[in-house]
Each structure stands twice: as C-alpha cells, then as structure tokens.
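Residue numbers (the working numbering), protein chains in the order written: chain U, 1 to 206; chain D, 207 to 412.
There are 2 protein chains.
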Amino acid sequence: MEQTIIPDIIVGRLPVYLNMLQHLSAENVQVASSKELGDLMGISAAQIRKDLSQFGEFGKQGRGYSVVYLISELQNILNLNQVWELAIVGAGSLGRAIANYPGFKHNCFKVSMLFDSDPKIIGSRIGEFVVKNPETMDFEIRNSGIKIAMLTLPASVAQETAEKLVNSGIIAILNYAPISLKLPNGIHVQYLNPVQNLQHMTYYLK
Amino acid sequence: MEQTIIPDIIVGRLPVYLNMLQHLSAENVQVASSKELGDLMGISAAQIRKDLSQFGEFGKQGRGYSVVYLISELQNILNLNQVWELAIVGAGSLGRAIANYPGFKHNCFKVSMLFDSDPKIIGSRIGEFVVKNPETMDFEIRNSGIKIAMLTLPASVAQETAEKLVNSGIIAILNYAPISLKLPNGIHVQYLNPVQNLQHMTYYLK
DNA sequence: CATTGTGAACGGGTTCACAGCA
DNA sequence: TGCTGTGAACCCGTTCACAATG
Chain U
1 MEQTIIPDII VGRLPVYLNM LQHLSAENVQ VASSKELGDL MGISAAQIRK
51 DLSQFGEFGK QGRGYSVVYL ISELQNILNL NQVWELAIVG AGSLGRAIAN
101 YPGFKHNCFK VSMLFDSDPK IIGSRIGEFV VKNPETMDFE IRNSGIKIAM
151 LTLPASVAQE TAEKLVNSGI IAILNYAPIS LKLPNGIHVQ YLNPVQNLQH
201 MTYYLK
Chain D
207 MEQTIIPDII VGRLPVYLNM LQHLSAENVQ VASSKELGDL MGISAAQIRK
257 DLSQFGEFGK QGRGYSVVYL ISELQNILNL NQVWELAIVG AGSLGRAIAN
307 YPGFKHNCFK VSMLFDSDPK IIGSRIGEFV VKNPETMDFE IRNSGIKIAM
357 LTLPASVAQE TAEKLVNSGI IAILNYAPIS LKLPNGIHVQ YLNPVQNLQH
407 MTYYLK
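Written out as structure tokens, the structure is:
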C-alpha cells in the first residue's frame with residue numbers, strides 16, 4: 001500500500017501527534033477531530049489530515065479520530081511495538097540525568113548501558129547502571145544488538161566515538177554534543193543542542 | 207536594508223552555521239568557501255550562500271568567507287553581542303545538569319536563577335546556585351529583566367508555569383517538558399524532547 | 001451535518017546556472 | 001581562475017475546497 005516514500009518532515013510530526021494524543025487519552029478523551037488536534041498543537045487541520053492520509057484512513061467522517069485507535073496506529077507506523085534499548089555514551093551530569101529520565105520507559109525505550117572513559121567512575125554505580133569501560137563498547141553493543149545510542153560527551157571526542165558506535169552496529173544516534181557528525185549514509189542522526197535553540201530565539205529578541 | 211522578513215527556517219540555520227564556524231576558528235581556519243562549509247554540515251553550498259545573502263554580502267569572490275568575520279556578523283544578526291541571562295525552572299536532575307552545563311557561558315548565555323517548588327531543596331545549593339522559591343519567581347524575574355527561561359519540570363505543571371513566566375516578562379522559552387505549550391502570540395517557544403527525536407528515528411529502523 | 005480524505009491550486013523554499021568580481 | 005551573490009526555474013510541502021460518508 002505505502003509504496004511512495006514518505007517525506008521526512010511528515011515522519012517528524014508523527015511523534016508530535018502521538019504525544020498530544022497520549023495526553024488526551026490520559027484525560028479520557030475518546031475522539032478528536034483534526035481541527036481540535038490542530039488547535040491544541042498550533043498546526044492546521046488540513047495538515048494533520050494530509051499527514052495521516054499518507055499512512056491510511058484512520059478517521060471517521062463526521063466524527064473525527066478515535067484517540068486510542070490513532071495512538072495504536074501511530075505506534076505501529078513508528079515501530080513502537082517493541083522496546084528499543086539505548087546506550088548512553090558519556091556519564092557526565094547530562095548523561096546521568098538522561099540515564100535516569102523516566103520518560104523513556106513509558107515510551108518503548110529503555111536505557112541499557114552507560115559508558116564513560118573516566119577511570120575514576122568506570123565500574124561505579126549511577127542510579128541502576130554500572131558505568132562501563134568504552135574499551136568494551138564494541139563487544140557490548142554488538143553483542144546486545146543495540147541499535148540506538150545517545151551521545152552525551154564533549155564535542156572534541158564526539159566524532160570519533162560516533163564512528164566507533166557505527167562500527168559496532170549502531171544505526172541511530174541522538175547527539176547532544178554541540179558538533180555536526182559526519183557519518184555514512186544510512187546512519188540516522190538527530191541533534192539536540194540547547195544553545196542553538198536559544199540562539200534561534202535571540203534573533204527575535206531586542 | 208533588510209526590509210523583508212526573513213523566513214524562520216533560515217534564522218534557525220544561522221546558529222548551525224555559527225557553531226561550525228566557531229569550530230573552524232578554533233582550528234585556526236581563516237577562510238572557508240560555501241562549498242567547504244556545506245560539505246562539513248551536509249547542506250548545499252547554494253543554500254548557505256542564499257541564506258547569508260539575506261543579511262548582507264559577507265564573502266569575497268574567488269576566496270570564500272573570512273571565518274572570524276562571518277562569526278562576528280552572525281553574532282550580530284543573532285543579537286549575541288550581549289549576555290543573555292537565563293532562568294531555569296525545575297531543579298530535578300535535568301535542570302541541575304543544565305544549570306551546570308558549561309556550554310552556555312561560552313555562547314553569551316548565563317544561567318542566573320534556578321527555581322524549584324520542592325520545599326526540601328528550596329534554599330539549598332546546587333553548583334553555584336541557590337534554589338529559589340517559585341513564589342518569588344514573579345518578583346525575581348520581573349526585577350532582573352530576564353527574558354529567557356528554560357522549563358525542566360514535569361509536563362503536568364509546564365503549562366501553568368509557562369503562563370506565570372510570561373506574566374513575569376519572559377518572552378522566550380526553551381521547553382524540555384514533553385508537552386505543547388499554548389501561549390500568546392509574540393512568545394517564542396522552542397522544544398527539546400528526546401523521546402520525539404528517538405521516535406522520529408525508529409520509523410526508519412527495522 | 002460535521003468531518004474525513006484528497007486532487008488541485010498555491011506558495012515558498014531550494015537548486016540551478018551564470019554574471020560579476022577579486 | 002575560483003567563488004560569491006542572485007534572478008529564474010524548479011520542486012515540494014501546505015492550504016484550499018469539496019465530494020464522499022458515517
């Protein structure tokens with residue numbers, strides 16, 4: 001059915017829709033129209049309908065979308081019917097905070113490993129994790145089959161570490177380090193950089 | 207000169223360019239062509255030239271762009287010639303990690319205040335900050351003239367807290383809470399949500 | 001009768017291609 | 001010669017508008 005390739009910009013909005021639907025579901029909302037959803041998210045109703053129509057017909061004319069049904073369809077589309085294990089590389093304060101962030105486990109993600117190159121903390125316990133030695137990283141990741149890593153280390157070592165991760169079988173990286181990664185085609189990278197978000201906003205201030 | 211309104215999508219790329227240029231500058235690179243920059247960032251050379259041409263003529267034909275000069279122009283455009291003070295609301299592990307993140311001070315941002323509603327930690331010291339009582343938030347923020355806040359608290363209280371911040375004079379919010387904020391026009395909001403970034407990538411996995 | 005799904009129209013962002021210039 | 005700056009062409013994402021429908 002879905003022979004055409006879906007624009008990445010549409011894929012990127014699906015998690016936004018899913019998040020909003022989960023909030024509505026938590027408030028026991030049963031049905032929502034594209035107009036209601038759009039108003040809540042600041043997106044046009046037409047865009048929501050068009051986006052969803054790329055994947056199937058999930059709504060009912062005159063009624064709207066069943067919240068729980070649309071949630072399950074979006075989870076299906078986004079491959080969220082399994083638990084995705086995560087490796088965190090970098091156990092500084094940010095890496096630790098993320099390791100203990102409760103939001104992952106409620107969304108089909110599970111932090112499984114935490115690496116850091118600092119000999120002073122290798123082997124020590126952080127929350128429920130024992131900090132692992134990066135020298136064992138290749139074996140650990142390859143062996144576990146983990147596909148997703150989060151990079152929370154200084155920019156200076158982010159590129160080389162990302163390359164090692166890719167060589168170990170990682171195919172998706174969420175990069176918190178403030179640097180552009182140069183990686184082979186087929187490797188998915190997303191960037192989280194608060195400084196860039198702030199700089200984007202300061203353009204409009206003053 | 208710049209009478210036309212600049213598309214937000216272009217503004218959002220300027221911090222990316224700036225970041226790359228700062229890395230090049232740190233490596234003592236003097237000049238870079240749009241092609242070199244594009245290759246480094248995975249962006250087309252034409253796009254970089256077109257984006258920059260919205261703001262002026264910063265390059266030299268046959269040579270490229272002076273790295274330090276382009277950095278200073280971009281900082282100018284993005285209003286980074288002043289220190290922007292930040293308030294963090296929510297002193298959980300994420301808020302604490304961000305409060306001590308060294309990347310801000312090297313980029314014209316300075317965390318000035320840290321709020322949390324937990325009576326057990328109000329008044330306690332976290333790094334160089336004393337956790338402040340949210341009841342004093344309106345006074346503190348209005349008094350200091352802080353314009354930017356970072357929200358690092360649970361989704362359940364993010365909306366009401368954001369509204370309070372806006373009433374206190376905040377006009378830009380970097381929201382780490384996993385929820386869409388509904389705020390008046392003119393308030394700038396950027397979202398950081400690792401779960402959504404991960405879900406975006408899992409679409410392409412398996 | 002309200003709302004979906006969708007072709008068509010629209011608009012705007014990206015790429016192209018080249019004149020202009022150091 | 002090499003690279004910028006930029007109008008024009010192109011492409012793609014968004015909005016429009018309405019037939020279809022529970």
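Where a beta carbon is used, it is the ideal one built from N, C-alpha and C, also for glycine.
Where the beta strand (DSSP E) through residue i begins and ends
{"i": "residue 175/U", "result": "172–175"}
{"i": "residue 191/U", "result": "188–191"}
Proximity below 9 Å, CB of residue i to CB of residue j
{"i": "residue 332/D", "j": "residue 293/D", "result": "no"}
{"i": "residue 176/U", "j": "residue 94/U", "result": "yes"}
{"i": "residue 249/D", "j": "residue 258/D", "result": "no"}
{"i": "residue 389/D", "j": "residue 354/D", "result": "no"}
{"i": "residue 49/U", "j": "residue 34/U", "result": "yes"}
{"i": "residue 281/D", "j": "residue 216/D", "result": "no"}
{"i": "residue 407/D", "j": "residue 188/U", "result": "yes"}
{"i": "residue 89/U", "j": "residue 119/U", "result": "no"}
{"i": "residue 179/U", "j": "residue 229/D", "result": "yes"}
{"i": "residue 335/D", "j": "residue 317/D", "result": "yes"}
{"i": "residue 400/D", "j": "residue 151/U", "result": "no"}
{"i": "residue 190/U", "j": "residue 403/D", "result": "yes"}
{"i": "residue 224/D", "j": "residue 277/D", "result": "yes"}
{"i": "residue 171/U", "j": "residue 411/D", "result": "yes"}
{"i": "residue 237/D", "j": "residue 272/D", "result": "yes"}
{"i": "residue 264/D", "j": "residue 290/D", "result": "no"}
{"i": "residue 285/D", "j": "residue 203/U", "result": "yes"}
{"i": "residue 327/D", "j": "residue 297/D", "result": "yes"}
{"i": "residue 375/D", "j": "residue 348/D", "result": "yes"}
{"i": "residue 97/U", "j": "residue 361/D", "result": "no"}
Chain D residues whose Cβ lies nearer than 7 Å to that of residue i
{"i": "residue 16/U", "result": "402"}
{"i": "residue 11/U", "result": "406 and 409"}
{"i": "residue 172/U", "result": "407 and 411"}
{"i": "residue 190/U", "result": "403, 406 and 407"}
{"i": "residue 100/U", "result": "299"}
Neighbouring residues, chain D, relative to residue i (Cβ below 8 Å)
{"i": "residue 178/U", "result": "225 and 309"}
{"i": "residue 96/U", "result": "299 and 303"}
Interface partners of residue i on chain U, CB under 7 Å
{"i": "residue 247/D", "result": "180"}
Cross-chain neighbours of residue i in chain U, by beta carbon under 9 Å
{"i": "residue 355/D", "result": "Near residue 355/D there are no residues of chain U at all, since even the closest Cβ is about 11 Å away, more than 9 Å."}
Span of the alpha helix (DSSP H), counted from its first residue to its last, around residue i
{"i": "residue 360/D", "result": "Residue 360/D -> no alpha helix (DSSP H), and no H or E assigned at all."}
{"i": "residue 4/U", "result": "Run containing residue 4/U: none; DSSP gives neither H nor E here."}
{"i": "residue 387/D", "result": "No alpha helix (DSSP H) contains residue 387/D, which DSSP labels as neither H nor E."}
{"i": "residue 198/U", "result": "194–202"}
The ligand GDP heavy atom lying under 8 Å from the CB of residue i
{"i": "residue 13/U", "result": "Of the ligands one can find in the structure shown there are none, so the ligand GDP has no counterpart to examine."}
Inset, instruction - Just list the alpha helix (DSSP H) runs in the segment 15–99 of chain U, keeping only unbroken ones of 4 residues or longer that don't cross its boundaries, in chain order. - result: 34–41, 45–53, 67–77 and 93–99
Inset, instruction - Write down every uninterrupted run of the beta strand (DSSP E) in the segment 299–357 of chain D whose length is 3 residues or greater and which is fully enclosed by it, in chain order. - result: 315–321 and 354–357
Inset, instruction - Could you please tell me which residues of the segment 312–323 of chain D, in chain order, have their CB closer than 9 Å to any CB of chain U? - result: 312, 313, 314 and 315
Inset, instruction - With 8 Å as the limit, tell me which residues of the segment 271–285 of chain D have their beta carbon closer than that to any beta carbon of chain U; keep them in chain order. - result: 283, 284 and 285
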